[in-house]
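**Student:**
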Amino acid sequence: MEKGQAAIEFLLTYGWVILVFIIAIGALLYFGFLSPETFGQEQCEIVPGLDCQDVQATNDELTLVIENNLGQDVFIQKISDPEGKCSLEEGKELKNSEQETFVLSDCKYGSKGEKLKTELDFEYQSSTGLDHKEQAGVLTYLE
1 MEKGQAAIEF
11 LLTYGWVILV
21 FIIAIGALLY
31 FGFLSPETFG
41 QEQCEIVPGL
51 DCQDVQATND
61 ELTLVIENNL
71 GQDVFIQKIS
81 DPEGKCSLEE
91 GKELKNSEQE
101 TFVLSDCKYG
111 SKGEKLKTEL
121 DFEYQSSTGL
131 DHKEQAGVLT
141 YLE
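15 is the number that the working numbering gives to position 15 of the sequence shown; each next residue is one higher, with no gaps.
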């Protein structure tokens with residue numbers, strides 16, 4: 001048997017299996033079953049030094065647990081979500097190496113089980129008196 005004939009017989013025998021496998025993977029990707037966000041865990045990123053330890057969201061509330069590792073006390077002035085139309089009721093001091101819970105209320109999110117991916121406007125004042133404006137990213141599922 002020649003090399004060319006063996007190669008053609010291999011492709012005819014197993015080629016359809018490879019083709020079906022590629023089509024199945026393509027369909028899973030197309031419909032979002034294999035998207036990285038589906039397998040991803042909750043994410044909450046603010047700035048280095050202000051670590052988001054936990055996040056929880058419902059249809060009308062977003063709760064963040066933030067730990068201060070900046071090396072200085074800060075005053076959290078504002079946390080707001082322009083998409084969910086909600087914000088922190090009042091500012092709160094966050095001492096160095098401590099964590100606090102911040103609740104954004106009156107949000108307008110979807111229903112339980114839906115994915116929430118949003119950018120928060122985050123403003124804080126350092127112990128030097130300087131104001132800082134940052135963007136915080138949140139990825140979680142509504143409970």
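From the three backbone atoms N, C-alpha and C, an ideal C-beta is built for every residue, glycine too. Remember, predicted model here, so these are calculated numbers, not experimental data.
Count the CB pairs spanning the stretch 95 to 111 and the stretch 56 to 67 that are closer than 8 Å, and state whether there are at least three.
**Tutor:** These segments touch.
**Student:** For G137, name the three-state secondary structure that DSSP assigns.
**Tutor:** Correct three-state label for G137: strand.
**Student:** Is K95 near N69, with beta carbons less than 8 Å apart?
**Tutor:** No. Outside cutoff.
**Student:** Locate the alpha helix (DSSP H) running through I23, then write down its first and last residues.
**Tutor:** Per DSSP, I23 belongs to the alpha helix (DSSP H) from K3 to Y30.
**Student:** So what's C107 in DSSP terms, helix, strand or just coil?
**Tutor:** Three-state result, C107: coil.
**Student:** Cα-Cα, which of Y124, K115, K78 and L12 is closest to V138?
**Tutor:** Nearest option by C-alpha distance: K115.
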